[in-house]
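For the sequence shown, the numbering used here assigns the number 53 to the initial residue and increments by one for each residue that follows.
All residues carry an ideal CB built from backbone N, CA and C; glycine is no exception.
Here the structure is a predicted model, which means the values were calculated and not measured.
A short worksheet on the structure shown next.
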Amino acid sequence: MKDIYPAYSSVPAGWLVPVEDQPDYPERPDSAVGGTLNLTEALVDRHVREGRGDRVAIHLADDGSLYTYADLSRASARLAHALQELGVGPGDRVAVRTPNRPEALIAFLAAWRLGAISVLVPAAARRDELRFFLNDTLVKVLVVANTSASLDELDALGRSDIASVEHVIAYPDAAGTEHLSWEALIEGQPESFDPVPHPADAVGVIWHTGGTTGVPKACYHTARRLLLAAECTVAGYDVSDDDVHMFPAPIGHAAGWLSRATFSLVAGITFVELEDFSNPETVLRAVGDYGVTWLLAMGTTWAQMLPVLENDPAAYDLSSLRRTYAPFITSNGQWLHEAWRKHGLDLLNPVGSTAFAAWFFIPPHDGRTPPLSIWAPTDGWIARVVTPYTSPLEDVPPGEIGQLAVRGVTGLTYWNRPELQSRDVREGWTVTDDLVRVDADGHYWYMGRSDMMITPGGHKVAPVEVEQALSAHEAVAEVAVTAAPDAKLGQTVMAWVVLTPGTEPDEALRVELQRFVKDRLAPYKYPRQIVFLERLPRDPLGKIVMKTLAGWADTGEFPAGSRVR
């Protein structure tokens, strides 16, 4: 099955993927997703129509306020009228750059009512990044928070820098700015707006991927793909009507957006929103205050919460939790899994992707999953493990590390990147940058990213292999591994190590760590250089920013406080 996009006057020719270059999508005859739909009707209005309008959709933990599904319907209708008066129509791009606030979700829903396309812009994006994101997607309207953090970088840009942007809407108001006021725009607007029906193959969202390892690349998903992905993810996670969901992550990133904008809304459950999501005490307290049953958090968040909980376990009530997830953990995260098991929580390890708008590996919470395994593809997707950079695709022998290739209800569709589309979608399969292996029992294991593979003297080293070895040493709290340039071998292995408190980063420790790896791995895999850091660089999601480490390795310029051995 292929997607047949409607004609958009505001989307330049050739910017959407032609049929012949799209992934192969399976038919889903059991799905309720039809040929014509509207995302806001499917995600919010449907619940109101079916008598669930009083159900809480969002609890904002920062101030205790809440929004029901009926509230979201009314608020998005009022903003949709305002956007329509500003000239927004089907296919136009409405970008949102805000902190974790309900207004962000309301803006997405309002855009979808009109058949417009939502664009995610990270709240942390700086001036040059803003220029890139907005120009790359030809945004027509931008919604921002009226704070210095949101506006300083934007206002430093001239209008000619972002020529496609016709209007900037600031919420809650535009006081002290030259922008339009959210409150003024919605004042007096009707609280109902019949959603504009459009083909299910109409584009629903655009976001950028690849920010931690390279230049961001825009990809998009249609309304059909978003709803099918959400249906499969909800089933894979075994969500119940009374679940209360929380994912402390920024809404401006795809993973955080999906939890709020499709996953929770399709299921009709409550999402606990945290503007101050980086504070581990706030996260722990919100679990007990709102009876969170289903908590997904990055490994960094789980690691930050652990000492807070252990310092005062009586202060936090985690008894409501029945599903707990820490995605993308490789086996060097074994300590984290074991530490939380002592508190009665089993951290399962799902894997998803911006390219798929879904978590497509979801381990079951029934005791069958080996610790840290990503289990197997959930219903809606199939997977294979292939040899990197081969054409046609070739499966690796069982047990060996290879690239993950996936085919299912969603797949990779680049926005205006035809050269990348033909590279990354081959024979109908989306070939990801993720490395995995499959054991004799058919369990998949996440092994890191192929674009970080190291090739010393022609050998291939997956960084996670070295990370796993080093993590077993008692002095190592955290570690990341990258390539370093070498005149003789081309590349060598470089380890970036955060030590346990009280450990001195001296020459003797460097030698000991190198020997520790040599005793466990082939000689060419040991780190020729070890850099001791106070902390690893991370993005707002908590993922290690590997391109920063790779840049330091390439230039030999290391951050203040580091010790190179």
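So what's residue i in DSSP terms, helix, strand or just coil?
| i | result |
| --- | --- |
| His250 | strand |
| Arg179 | helix |
| Glu325 | strand |
| Leu399 | coil |
| Gly608 | coil |
| His99 | helix |
| Leu209 | coil |
| Gln473 | helix |
| Asp214 | Before going on, a small fix: residue 214 reads as Ile here, not Asp. In this structure, Ile214 counts as helix in the three-state DSSP scheme. |
| Trp481 | strand |
| Gln34 | Since the first residue shown for the chain is 53 and the last is 617, residue 34 is missing from the structure and cannot be characterised. |
| Trp67 | coil |
| Tyr342 | helix |
| Met598 | helix |
| His133 | helix |
| Tyr223 | strand |
| Leu232 | strand |
| Met53 | coil |
| Met357 | helix |
| Val173 | coil |
| Leu487 | strand |
| His511 | coil |
| Tyr289 | coil |
Would you list the residues sitting across from residue i in a DSSP beta bridge?
| i | result |
| --- | --- |
| Val549 | Val531 and Phe584 |
| Lys269 | Thr261 |
| Phe413 | Val403 and Pro429 |
| Glu118 | Note on identity: in this sequence residue 118 is Leu, with Glu being the wrong assignment. According to DSSP, which records beta bridges pairwise, Leu118 is partnered with His111. |
| Met504 | Paired residue(s): none; Met504 is not in a bridge. |
| Leu456 | Val437 |
| Pro537 | Gln543 |
Let me make sure I understand the geometry here. Which of the options has the alpha-carbon closest to that of residue i?
| i | options | result |
| --- | --- | --- |
| Val100 | Leu124, Tyr57 and Arg183 | Leu124 |
| Ala560 | Pro589, Gln543 and Ala527 | Ala527 |
| Gly404 | Gly308, Ala338 and Trp346 | Gly308 |
| Leu424 | Ala407, Gly351 and Asp476 | Gly351 |
| Leu310 | Val335, Asp290 and Ala282 | Ala282 |
| Tyr223 | Arg179, His260, Ile158 and Val171 | Ile158 |
| Met28 | Tyr496, Tyr498, Gly494 and Leu487 | It is not possible to answer for residue 28, since the shown part of the chain is limited to 53 through 617. |
| Glu44 | Trp346, Leu186 and Ala113 | Coverage of the chain is limited to positions 53 through 617, which leaves residue 44 absent and any answer about it impossible. |
| Pro422 | Leu400, Gly210, Gly432 and Phe408 | Leu400 |
| Pro365 | Pro579, Gly542 and Leu336 | Leu336 |
| Pro579 | Pro359, Val146, Val513 and Ile56 | Val513 |
| Glu479 | Val63, Glu72 and Arg80 | Glu72 |
| Thr353 | Lys595, Arg107, Pro611 and Leu89 | Lys595 |
| Ser216 | Pro515, Val146 and Glu235 | Val146 |
| Ser83 | Asp144, Asp180, Ala175 and Leu278 | Leu278 |
| Glu93 | Ala313, Val360 and Tyr119 | Ala313 |
| Ala59 | Val448, Pro142, Tyr77 and Thr229 | Pro142 |
| Tyr576 | Gly554, Phe408, Val220 and Pro515 | Pro515 |
| Gly432 | Pro449, Met546 and Gly288 | Gly288 |
Can you find the residues in the same chain that come closer than 6 Å, C-beta to C-beta, to residue i, ignoring five residues on each side of it along the sequence?
| i | result |
| --- | --- |
| Thr265 | Reliability fails at Thr265, whose pLDDT of 48 lies under 50, so the model's placement of it is uncertain and the value that follows must be treated cautiously. Closer than 6 Å at Cβ, skipping near neighbours: Asp503, Met598 and Lys599. |
| Ala319 | Val286 and Val291 |
| Leu91 | Trp164, Gly256 and Ala275 |
| Ile426 | Asn401, Val403, Phe413, Tyr496 and Tyr498 |
| Met298 | Val324, Val344 and Leu347 |
| Leu237 | Ala134 |
Below 8 Å CB to CB, which residues in the same chain sit around residue i once its five sequence neighbours on both sides are set aside?
| i | result |
| --- | --- |
| Val96 | Ala109, Tyr121, Leu124, Ser125, Ser128, Leu161 and Leu317 |
Give every residue of the same chain whose Cβ lies closer than 7 Å to the Cβ of residue i, excluding the five residues on either side of it in the sequence, and list them in chain order.
| i | result |
| --- | --- |
| Gly385 | Gly351 and Leu424 |
| Asn152 | Pro302, Ile303, Glu325, Leu326, Glu327 and Phe329 |
| Arg590 | Thr352, Ile596 and Val597 |
Using only the heavy atoms of the ligand SAH, determine whether one of them is closer than 7 Å to the beta carbon of residue i.
| i | result |
| --- | --- |
| Pro154 | In the structure on display, the ligand SAH does not appear, and there are no ligands present to speak of. |
- Touching by the beta-carbon criterion (3+ pairs, under 8 Å), the segment 379–395 and the segment 437–448: Output reads no: the segment 437–448 does not touch the segment 379–395.
- Message: If contact is defined by three or more beta carbon pairs under 8 Å, each pair taking one atom from either stretch, is the segment 59–77 in contact with the segment 458–476?
- Response: In short, these stretches touch, since the Cβ pair count reaches three.
- Item | Cβ contact (3+ pairs, closer than 8 Å) linking the segment 513–526 and the segment 564–575 | Cβ pair count under 8 Å is three or more, so yes.
- Are the segment 582–596 and the segment 539–559 touching by the rule of at least three beta carbon pairs closer than 8 Å? In the pairwise beta carbon analysis, the segment 582–596 is classified as touching the segment 539–559: at least three pairs are separated by under 8 Å.
- Task: Answer yes if the segment 337–351 comes into contact with the segment 186–193, meaning at least three C-beta pairs across the two stretches below 8 Å, and no otherwise.
- Result: Of all C-beta pairs linking the segment 186–193 to the segment 337–351, fewer than three are shorter than 8 Å, placing the two stretches out of contact.
- Task: Could you tell me whether the segment 131–146 touches the segment 230–242, using the rule of 3 or more Cβ pairs below 8 Å?
- Result: Contact holds: three or more Cβ-Cβ distances are below 8 Å.
- At least 3 beta-carbon pairs within less than 8 Å: the segment 603–610 vs the segment 530–547: Contact between the segment 603–610 and the segment 530–547 is present, because at least three Cβ pairs lie under 8 Å.
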